[in-house]
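Report on the following structure.
In the working numbering, the protein residues as written are -18 to 47.
Here is the structure:
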């Protein structure tokens, strides 16, 4: 079985903040949000931590609402 060792590409925060979200950016945001929700549901982080990280993700990806 071969192993995939593909490194994730860096997120271009400047283009995202300029409103140029690509499909790849939105998928990456969705994956990070899903992981964040999983951490909260397994009680590996507090509500306060969740909201802080969620807000930072939205800012990084230029997401205006939940």
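Ideal placement from N, C-alpha and C gives every residue a C-beta, glycine not left out.
Tell me the DSSP secondary structure of residue i in three-state form.
i, result
"residue 25", "coil"
"residue 40", "helix"
"residue 3", "coil"
"residue 45", "coil"
Whose C-beta lies closer than 6 Å to the C-beta of residue i among residues of the same chain, with five residues either side of it excluded?
i, result
"residue 39", "none"
"residue 20", "26"
Below 8 Å CB to CB, which residues in the same chain sit around residue i once its five sequence neighbours on both sides are set aside?
i, result
"residue 45", "39"
"residue 34", "17 and 26"
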